[in-house]
Every structure is written in structure tokens, then in C-alpha cells.
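A.B. asks:
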Amino acid sequence: MVVQSLVQSSIDAQADADAEISSPPPRRASSRLQGKPRLQKELLVRRRVQLLDEHEDGDREGGGLSKRANVYGRRRSHAENEAQGASSNGALEGGTGKPSDPLVEKSDHVKVKETLRLFNKHYLYFVQEEEKRCRKVEADNKASASSKKASKSSKKASKSSKNSKKEASSPDTKVGKAKRPDLKALTKMLENKEILRGTKRIGSIPGIDVGHQFYSRAEMVAVGFHSHWLNGIDYMGQSYSKGEYSNYTFPLAVAIVISGMYEDDLDNAEDVVYTGQGGHNLTGDKRQIQDQVLERGNLALKVVQYWAEKGISGFTVFKYRLRRADGQPALTTNQVQFINGRVPQSLSEIRGLVCEDISEGQEDVPIPATNLVDDPPVAPTGFTYCKSMQIAQNVKLPTDATGCNCKGTCMDPKTCACTMLNGSDFPYVQRDGGRLIEAKDVVFECGPKCGCGPACVNRTSQRGLKYRFEVFRTPMKGWAVRSWDFIPSGAPVCEYIGILRRTEDVDNASENYYIFDIDCLQTMKGLDGRERRSQAVCLPAVNSLERPDDQNVPDFCIDAGSTGNIARFINHSCEPNLFVQCVLSSHHDIKLARIMLFAADNIPPLQELTYDYGYALDSVMGPDGKVKQMFCHCGATGCRKRLF
Ligand SMILES: C[S@@+](CC[C@H](N)C(=O)[O-])C[C@H]1O[C@@H](n2cnc3c(N)ncnc32)[C@H](O)[C@@H]1O
Numbered sequence: 033m034v035v036q037s038l039v040q041s042s043i044d045a046q047a048d049a050d051a052e053i054s055s056p057p058p059r060r061a062s063s064r065l066q067g068k069p070r071l072q073k074e075l076l077v078r079r080r081v082q083l084l085d086e087h088e089d090g091d092r093e094g095g096g097l098s099k100r101a102n103v104y105g106r107r108r109s110h111a112e113n114e115a116q117g118a119s120s121n122g123a124l125e126g127g128t129g130k131p132s133d134p135l136v137e138k139s140d141h142v143k144v145k146e147t148l149r150l151f152n153k154h155y156l157y158f159v160q161e162e163e164k165r166c167r168k169v170e171a172d173n174k175a176s177a178s179s180k181k182a183s184k185s186s187k188k189a190s191k192s193s194k195n196s197k198k199e200a201s202s203p204d205t206k207v208g209k210a211k212r213p214d215l216k217a218l219t220k221m222l223e224n225k226e227i228l229r230g231t232k233r234i235g236s237i238p239g240i241d242v243g244h245q246f247y248s249r250a251e252m253v254a255v256g257f258h259s260h261w262l263n264g265i266d267y268m269g270q271s272y273s274k275g276e277y278s279n280y281t282f283p284l285a286v287a288i289v290i291s292g293m294y295e296d297d298l299d300n301a302e303d304v305v306y307t308g309q310g311g312h313n314l315t316g317d318k319r320q321i322q323d324q325v326l327e328r329g330n331l332a333l334k335v336v337q338y339w340a341e342k343g344i345s346g347f348t349v350f351k352y353r354l355r356r357a358d359g360q361p362a363l364t365t366n367q368v369q370f371i372n373g374r375v376p377q378s379l380s381e382i383r384g385l386v387c388e389d390i391s392e393g394q395e396d397v398p399i400p401a402t403n404l405v406d407d408p409p410v411a412p413t414g415f416t417y418c419k420s421m422q423i424a425q426n427v428k429l430p431t432d433a434t435g436c437n438c439k440g441t442c443m444d445p446k447t448c449a450c451t452m453l454n455g456s457d458f459p460y461v462q463r464d465g466g467r468l469i470e471a472k473d474v475v476f477e478c479g480p481k482c483g484c485g486p487a488c489v490n491r492t493s494q495r496g497l498k499y500r501f502e503v504f505r506t507p508m509k510g511w512a513v514r515s516w517d518f519i520p521s522g523a524p525v526c527e528y529i530g531i532l533r534r535t536e537d538v539d540n541a542s543e544n545y546y547i548f549d550i551d552c553l554q555t556m557k558g559l560d561g562r563e564r565r566s567q568a569v570c571l572p573a574v575n576s577l578e579r580p581d582d583q584n585v586p587d588f589c590i591d592a593g594s595t596g597n598i599a600r601f602i603n604h605s606c607e608p609n610l611f612v613q614c615v616l617s618s619h620h621d622i623k624l625a626r627i628m629l630f631a632a633d634n635i636p637p638l639q640e641l642t643y644d645y646g647y648a649l650d651s652v653m654g655p656d657g658k659v660k661q662m663f664c665h666c667g668a669t670g671c672r673k674r675l676f
């Protein structure tokens with residue numbers, strides 16, 4: 033369900049170029065410009081580590097800089113951004129990537145975002161619980177069916193069959209019985225006091241703008257927009273201290289939901305005719321089955337006009353005419369249209385089309401490119417699209433891992449060898465074609481030597497692109513990527529594809545904006561100030577691969593400069609909607625892990641897809657040895673103003 037909220041503030045797309053930011057010594061970053069010899073970089077890295085040690089000593093002595101005032105500038109790992117996993121340790125500061133600091137007030141937008149991510153994380157855990165329960169019921173039913181056959185000839189078998197049958201039909205194990213993970217997630221958040229705004233208020237909610245799209249009622253409850261997961265009208269008691277009503281408390285609406293459930297609603301965006309609450313068939317066909325009564329929420333609306341009438345199904349319904357207050361920002365009509373499924377039906381409907389499919393048929397879903405910025409409009413050029421990784425001649429891939437012995441699809445986390453490496457459970461849920469529950473140091477997927485097939489849930493990131501992507505031209509950032517489809521949080525978006533190279537081979541290359549360092553090991557070890565993720569994975573290969581003098585510098589990178597896939601067009605944002613996840617599938621060498629981008633949020637159609645490039649400020653040097661700067665045009669409220 034999608035809800036279009038009532039107010040939206042405009043986004044300031046321009047970064048302030050004059051921002052004064054302290055300058056740490058240069059070093060490499062994940063997705064970075066080249067131009068500095070490796071040796072020089074390593075020396076700088078060591079110096080920086082030395083400085084950090086001195087800094088920490090200073091802290092311990094009580095006379096040093098506080099963590100917040102770290103003048104050396106933390107190197108933000110691309111992998112540490114505001115992904116679900118990160119928020120579990122108290123969440124990250126608004127877009128800065130620093131650990132949460134009680135002294136720094138987070139922006140309202142960041143609080144909303146973090147709360148929604150937390151909700152989605154809880155939600156996916158409960159989805160997993162529910163999926164397990166269903167699998168168990170299925171297995172029990174199968175066992176019951178086969179024992180029923182056998183029971184004809186054995187009394188003992190018959191007894192056991194009865195028992196399993198009893199279990200399968202008990203209320204808790206019935207497949208059909210709904211156990212709503214969204215409501216469980218809400219209960220969990222209530223218990224943990226994680227609901228964002230528990231008290232009702234009249235007026236707009238800070239951090240929620242016009243155009244904000246919720247994907248469930250439960251999400252609205254989580255951020256305190258609406259306090260009930262079922263009722264359309266949320267209201268509070270308002271009492272008057274003076275006058276003839278001084279002894280009364282009146283219901284006053286604080287939020288309403290137009291969800292398309294009421295057959296008598298009329299939503300023209302600017303002018304809404306809203307049907308009161310009550311009397312419709314919640315569990316069946318959702319039609320009106322009873323007269324509505326003028327009570328509770330139906331008494332609470334402050335409206336332009338209201339009246340009672342016989343609705344489509346012949347029952348009395350109350351109607352309320354609501355009009356948008358003057359001075360509000362325009363509704364984002366395009367998004368509403370796409371939500372309603374009015375995506376282009378043919379190529380001729382795509383405005384500014386400059387290329388029908390940049391993948392030239394390689395991807396299952398074509399990727400059109402549009403350009404409404406340049407005159408004359410040009411198409412993206414200067415690269416060759418490639419959907420699978422190319423390996424440089426001097427890079428040798430490790431041998432395939434042994435894998436698991438499961439058949440068909442891996443079902444039991446206690447017996448699947450790959451899943452055991454992920455800690456105690458599958459990293460993914462089956463729902464929506466596979467969603468990652470939370471960001472991890474590394475995800476172990478099934479690989480070529482495993483007994484399972486392509487439909488296995490533990491191969492979620494290996495299935496290629498599944499959304500309808502568009503590459504589009506922006507005025508300030510070159511090309512960018514968006515999806516015409518809704519992308520649920522935790523869904524795999526794409527892999528970063530290019531040429532797998534040794535980093536030393538690209539160090540002296542001319543400027544290349546498309547290089548991605550494979551720095552999973554550095555992130556896992558929390559090196560250089562990186563946030564650490566959920567540690568519940570086992571990584572036998574790490575220790576043997578470590579070289580203590582060089583541990584900050586990734587050995588391999590993916591160069592998508594001349595050859596790459598859609599990921600090369602995804603821009604940076606200081607408040608991104610994707611996160612980077614290292615994945616190991618065919619082998620278990622973390623230094624050569626696959627780099628996957630996953631949805632950090634529920635992403636509405638047409639929202640630009642972005643991830644945090646993870647540069648430390650002043651970490652990039654030009655060929656002249658001078659620190660290079662690039663201004664950020666991500667437009668996020670908490671924009672750091674510079675990419676590097
Ligand atoms: C990996 S490419 C992304 C695709 C690129 N926009 C293009 O046209 O091919 C990285 C480059 O995009 C631009 N870019 C990405 N994010 C940006 C941002 N937030 N602000 C400004 N430029 C950005 C910078 O030029 C950066 O070096």
C-alpha cells in the first residue's frame with residue numbers, strides 16, 4: 033500500500049562549494065580517482081595510522097581530541113553506510129557515517145529514515161521466522177502423508193501419524209494462519225521504545241515531506257505518522273478550557289489514510305472526498321457491508337464540507353471533502369502515476385530516449401537511457417557494456433569452494449554448509465524474490481560446487497537484474513540510474529561489474545572515476561575508523577591472507593572505466609538508498625569478494641539510486657601530487673558538500 037502524504041519541502045540540490053572542512057592526509061578510497069603512486073599512498077596510510085594511534089593515546093590521557101573532532105578524517109568505508117546493519121548498533125549520525133554521538137542532533141529526515149530501516153530489519157526477521165514456520169508445517173505435512181500410507185499396515189505408524197496430523201492442524205502450525213510480521217515488528221519496536229514519535233500531534237510531522245511514500249500502515253505507525261495499523265482516521269482528544277464546551281473533550285483527527293480500500297473514496301490529490309471509517313468488510317472483499325455511524329474518528333475531521341449518503345453498495349457512508357491548504361508544495365504527480373502502474377507502455381512513450389538498451393540485449397530487461405538535459409541530447413558513450421566480470425591477465429581467481437550438499441534448494445540452515453558460514457541462519461528471506469535481512473561483513477552464498485540449484489534462496493544475488501532500470505542524464509552529476517519499479521529494502525539491485533584488476537596496476541593510470549576497491553577485509557577489521565557490521569560470520573581465509581604492514585590497502589579493485597554494467601552509472605549520495613555488501617559465492621577469498629549493491633530502504637519508482645562512495649575527505653590526489661577535491665551534488669539534507 034502506498035500513501036501520498038500531505039506536505040513536502042523542496043530539496044536543495046546545490047552543495048555549498050565554500051564549505052570549510054578539515055584536511056586529513058591523503059589516502060585511497062573505495063571508488064576513487066587514480067593518480068598517486070602506491071608507495072606514496074602506503075606511506076601516507078602508515079602515517080595516518082600512526083597519527084590515529086597518537087590521537088587515541090591522547091584521548092586515553094584525557095587531553096586529546098574527542099572522536100567527533102578527529103582531524104585526520106575518518107575514511108568512510110563504502111560498506112558502512114546507513115544500511116540496516118549499521119543502525120542496529122545505535123545508528124549512524126545523519127549522513128556523516130560517524131558513530132552516533134549524543135551531542136550531535138540528528139536531522140528529522142535521518143531519524144525517519146533510521147526508524148524505517150529499523151522497522152524493516154525487524155520486519156524481515158519476522159518474515160524469516162514465518163517462512164521457517166511454514167517450511168516446518170510443509171515438512172510435517174509431507175511426513176504425515178507418508179506415515180498415513182504406512183499406517184494402513186502398522187498400528188504404531190498410525191499413532192504417530194495422528195500426532196503429526198494433530199500438530200499440523202494446531203492453530204500455531206497451520207500454513208493458512210496469518211502471523212503478520214509487520215505487526216510483530218511494531219510490537220518489538222514498542223517494547224524497545226523505538227517508535228519515533230509516540231505522541232500524537234496536529235500538523236505536519238518533521239522529517240516527513242509531501243511525496244513521502246509509505247509501503248505499509250505499520251511503517252506509518254513506526255514513525256508516529258498514524259497510530260493505528262488498521263483504522264483510517266487517527267484522532268486525539270482535544271479539550272477546551274473556556275466557554276460552553278469547557279467540560280468536554282472532542283475527538284480531533286491528526287492523520288487519515290487513503291488506501292484505496294473504500295470503494296466510495298475519491299482522490300484527486302488536490303481535492304479529496306474521503307469516506308468515513310467503519311462498515312466495510314475487512315477480511316473479505318473489502319466492500320461496504322454496513323451503515324457507518326457518526327462516532328469516534330468520523331466525528332474528528334475538520335473539513336471543508338461533510339454529508340451522509342448511500343454509498344456504492346447501498347449503505348450509509350459519511351463523506352468529507354478535504355482540500356489542500358494553501359502554500360503547500362506541489363504534489364509529485366509523476367511518482368503518483370508510476371505508483372499506479374502508469375509506466376511507459378512502449379519506447380515511444382519514454383521522454384528524451386537516446387538509447388533503447390545500453391546493455392545491447394545482454395540483460396534480461398532492457399536498460400533505456402534518456403537525456404532531457406543536453407541540447408542536442410547525447411547517449412552514454414566511451415564504454416562497453418558487460419554483464420559479467422572480466423578478469424585481468426595477472427589476476428588468478430581462487431579455486432572453487434567445496435560448497436554444500438543440499439539438493440534442490442537449501443532448506444535447513446543447520447545442515448547447509450554455506451549457511452553455517454553466515455552464522456546461524458540464511459542471510460536472505462524468500463519474500464519478493466529474496467531480500468537480505470541486514471547488512472553483514474560478508475555474505476556467503478552457495479556456489480558452483482553446491483548441490484542446490486539456481487532457485488536456492490542462498491543464491492539471491494546471482495540472479496541478474498530484475499528491475500526496470502533507466503540511465504538518465506542529470507544537470508550536475510552526469511549520468512544516473514533509477515528504477516521504474518518499486519524496490520523493497522534488502523533486495524539485490526546489481527553487482528558492480530568491470531575488470532578485476534590488481535590495485536597497483538591502476539595506481540598510475542590516468543583519471544578514472546569508475547574504480548571500486550574491494551576493501552571488504554578492511555571494513556571487516558574495522559580498520560581506519562570504519563564502522564563494523566554484524567560479526568556473525570565465519571571467515572577462515574582472512575588470517576592467512578593478512579599482511580600486517582599493508583592491511584589498509586586493498587589488493588584488488590574492479591575497474592569499470594572502459595567495461596562495466598549499470599552499476600558504473602550509479603552516483604554517490606551522502607544519504608544513499610543503497611548499501612554495499614561483499615558477497616562470496618564461488619570462492620572464499622575476501623580480497624576478491626563480489627561487490628553487490630542492495631536496497632537500504634523501500635525505494636519508490638523513479639527515485640535516483642545512490643550509494644555512499646566512502647571517500648575520506650582529501651583522500652584523493654591528482655597526478656601532480658596535490659589533493660583533489662570534488663563537490664557533491666547529491667542534494668541530501670545532510671550532504672557533506674564534497675565527495676572527496
Ligand atoms: C562511478 S561514476 C557515476 C556515473 C557518472 N555520473 C557518469 O556520468 O558516468 C562517478 C562520477 O560521477 C559523478 N558523481 C557521482 N556522484 C556525484 C555527486 N553526488 N555529486 C557530484 N558528482 C557526482 C562524479 O563525476 C564521479 O566521479
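With positions in the sequence shown counted from 1, the corresponding number in the numbering used here is that position plus 32.
Every residue gets a Cβ at the ideal spot worked out from N, C-alpha and C, and that includes glycine.
How far does the alpha helix (DSSP H) with Val142 in it reach, from first residue to last?
C.D. replies: Position 110 of the sequence shown, counted from the first residue, corresponds to residue 142. Val142 -> alpha helix (DSSP H) spans 140-183.
A.B. asks: What residue range does the beta strand (DSSP E) around Glu341 cover?
C.D. replies: For the purposes of this step, residue 341 is identified with residue 309 of the sequence shown, where counting begins at 1. Per DSSP, Glu341 belongs to the beta strand (DSSP E) from 337-342.
A.B. asks: Keeping to the same chain, check which residues put their C-beta closer than 6 Å to that of Cys482; ignore five residues upstream and five downstream.
C.D. replies: Position 450 of the sequence shown, counted from the start, is the residue given in the question as residue 482. The residues are Gly435, Cys436.
A.B. asks: From the DSSP output, in three-state form, read off Ile288 for me.
C.D. replies: By one-based count along the sequence shown, residue 288 stands at place 256. DSSP places Ile288 in strand when its eight states are reduced to three.
A.B. asks: How far does the beta strand (DSSP E) with Val612 in it reach, from first residue to last?
C.D. replies: Start at 1 with the first residue of the sequence shown, and residue 612 comes out as number 580. Here the beta strand (DSSP E) through Val612 covers 610-616.
A.B. asks: Which class does Asp549 belong to by DSSP, given the choice of helix, strand or coil?
C.D. replies: For the purposes of this step, residue 549 is taken as the residue at position 517 of the sequence shown. DSSP places Asp549 in strand when its eight states are reduced to three.
A.B. asks: Give me the DSSP bridge partner(s) of Gly440.
C.D. replies: Along the sequence shown, read from residue 1 onward, the residue named residue 440 stands at position 408. DSSP lists Cys484 as partners of Gly440.
A.B. asks: Thinking C-alpha only, which one of Ser278, Ile234, Val255, Gln309 is nearest Asn263?
C.D. replies: In the sequence shown, counting from the first residue as 1, residue 263 sits at position 231. Of the candidates Ser278, Ile234, Val255, Gln309, the one whose C-alpha sits nearest the C-alpha of Asn263 is Gln309.
A.B. asks: Going by the beta-carbon positions, is the gap between Tyr546 and Gly485 smaller than 7 Å?
C.D. replies: What you label residue 546 is simply residue 514 of the sequence shown in a count that begins at 1. What you label residue 485 is simply residue 453 of the sequence shown in a count that begins at 1. Their beta carbons are not under 7 Å apart, which means Tyr546 does not touch Gly485 by this criterion.
A.B. asks: Using DSSP with H/G/I as helix, E/B as strand and the rest coil, what is Gly596?
C.D. replies: The residue labelled residue 596 in the question sits at position 564 within the sequence shown. In the structure shown, Gly596 sits in a strand (DSSP, three-state: E or B).
A.B. asks: Quick one: is the Cβ of Tyr499 within less than 6 Å of any heavy atom of ligand 1?
C.D. replies: Counting from one through the sequence shown, the residue named residue 499 turns up at place 467. No, the beta carbon of Tyr499 sits no closer than 6 Å to any heavy atom of ligand 1.
A.B. asks: Have a look at Pro58 and Gln661 and give me their C-alpha separation to the nearest angstrom.
C.D. replies: Within the sequence shown, residue 58 is the residue found at index 26, counting from 1. Within the sequence shown, residue 661 is the residue found at index 629, counting from 1. The predicted position of Pro58 is uncertain, since its pLDDT is 28 and thus under 50; no value can be drawn from it.
A.B. asks: From Ile382 to Asn426, what distance separates their C-alpha atoms?
C.D. replies: Numbered from 1 along the sequence shown, position 350 holds the residue referred to as residue 382. Numbered from 1 along the sequence shown, position 394 holds the residue referred to as residue 426. Those two C-alpha atoms are separated by around 43 Å.
A.B. asks: Counting only C-beta atoms, is Tyr352 closer than 7 Å to chain B at any point?
C.D. replies: No chain B is present in this structure, which holds just one protein chain.
A.B. asks: Go ahead and pull the three-state DSSP assignment for Ile622.
C.D. replies: Taking the sequence shown and counting its residues from 1, one reaches residue 622 at position 590. If DSSP states are grouped into helix, strand and coil, Ile622 belongs with the helices.
A.B. asks: Taking 6 Å as the cut-off, does the CB of Tyr528 come closer than this to any heavy atom belonging to ligand 1?
C.D. replies: As a position in the sequence shown, residue 528 is number 496, starting the count at 1. No - ligand 1 has no heavy atom lying nearer than 6 Å to the Cβ of Tyr528.
A.B. asks: Can you say whether Gln160 is buried or exposed, counting buried as having 16 or more other CB atoms within 10 angstroms of its CB?
C.D. replies: Here residue 160 corresponds to residue number 128 of the sequence shown, with the count starting at 1. Under this definition Gln160 is a buried residue.
A.B. asks: Output needed for Cys614: all residues of its chain with C-beta closer than 6 Å, excluding positions within five of it in sequence on either side, in chain order.
C.D. replies: Looking up residue 614 in the sequence shown gives position 582. The answer, listed in chain order, is Val474, Cys552, Ala625.
A.B. asks: Assuming Trp261 and Leu215 are in contact, meaning their beta carbons sit under 8 Å apart, how far apart are those beta carbons, in whole angstroms?
C.D. replies: Residue 261 sits at position 229 when you count from the first residue of the sequence shown. Residue 215 sits at position 183 when you count from the first residue of the sequence shown. Between Leu215 and Trp261 the Cβ distance is about 6 Å, and since that is below 8 Å, they are a contact.
A.B. asks: For Ile590, count the other beta carbons within 10 Å of its own beta carbon; 16 or more makes it buried, fewer makes it exposed. Which is it?
C.D. replies: Start at 1 with the first residue of the sequence shown, and residue 590 comes out as number 558. Buried: at least 16 other Cβ atoms inside 10 Å.
A.B. asks: Buried or exposed: Ile227, going by 16 or more other Cβ atoms within 10 Å of its Cβ?
C.D. replies: To locate residue 227, count along the sequence shown from 1; it is residue 195. When all chains shown are included, Ile227 counts as buried.
A.B. asks: Could you check if Phe601 belongs to the surroundings of ligand 1, using beta carbon to heavy atom distance under 6 Å?
C.D. replies: The sequence position of residue 601 within the sequence shown is 569, counting from 1. Yes, ligand 1 has a heavy atom inside 6 Å of this Cβ.
A.B. asks: Per the contact definition of three or more C-beta pairs closer than 8 Å, is the region 456-474 in contact with the region 607-623?
C.D. replies: Yes: at least three Cβ pairs fall under 8 Å.
A.B. asks: Verify the contact flag: Gly654, CB atom, against every heavy atom of ligand 1, threshold strictly below 6 Å.
C.D. replies: Position 622 of the sequence shown, counted from the start, is the residue given in the question as residue 654. Answer for Gly654: no, Cβ out of range of ligand 1.
A.B. asks: If the criterion is Cβ atoms closer than 7 Å, does the pair Ala487 and Thr441 meet it?
C.D. replies: Along the sequence shown, read from residue 1 onward, the residue named residue 487 stands at position 455. Along the sequence shown, read from residue 1 onward, the residue named residue 441 stands at position 409. Closer than 7 Å, so yes.
A.B. asks: What do you get for Gly667, buried or exposed, if any count of 16 or more other CB atoms within 10 angstroms of its CB means buried?
C.D. replies: Within the sequence shown, the letter at position 635 stands for residue 667. So Gly667 counts as buried.
A.B. asks: Would you give the residue range spanned by the alpha helix (DSSP H) that Val253 belongs to?
C.D. replies: The residue you call residue 253 lines up with position 221 of the sequence shown. Unbroken alpha helix (DSSP H) run through Val253: 249-254.
A.B. asks: Specify the secondary structure class of Lys658 as computed by DSSP and reduced to three states.
C.D. replies: In the sequence shown, residue 658 corresponds to position 626, counting from 1. Correct three-state label for Lys658: coil.
A.B. asks: Can you check whether the CB of Val349 is closer than 7 Å to the CB of Thr307?
C.D. replies: Start at 1 with the first residue of the sequence shown, and residue 307 comes out as number 275. Start at 1 with the first residue of the sequence shown, and residue 349 comes out as number 317. Result yes, Cβ atoms of Thr307 and Val349 sit closer than 7 Å.
A.B. asks: When you compare each of Gly359, Pro283, Thr451, Thr506 to Asn490 by their alpha carbons, which one comes out closest?
C.D. replies: To locate residue 490, count along the sequence shown from 1; it is residue 458. For Asn490, the nearest C-alpha among the options comes from Thr451.
A.B. asks: Any heavy atom of ligand 1 closer than 6 Å to the Cβ of Lys180?
C.D. replies: Your numbering for residue 180 matches position 148 in the sequence shown. Checking the Cβ of Lys180 against ligand 1 gives no.
A.B. asks: Please determine whether the Cβ atom of Tyr545 lies at a distance below 6 Å from any heavy atom of ligand 1.
C.D. replies: Looking up residue 545 in the sequence shown gives position 513. For ligand 1, at least one heavy atom lies less than 6 Å from the Cβ of Tyr545.
A.B. asks: Taking Arg600 as the reference, which of Arg514, Lys428, Gly670, Glu607 has the closest Cα?
C.D. replies: For the purposes of this step, residue 600 is identified with residue 568 of the sequence shown, where counting begins at 1. Ranking Arg514, Lys428, Gly670, Glu607 by Cα distance to Arg600 puts Arg514 first.
A.B. asks: With Glu527 as the anchor, note down where its alpha helix (DSSP H) starts and where it stops.
C.D. replies: Here residue 527 refers to the residue found at position 495 of the sequence shown. No alpha helix (DSSP H) contains Glu527, which is instead part of the beta strand (DSSP E) from 524-527.
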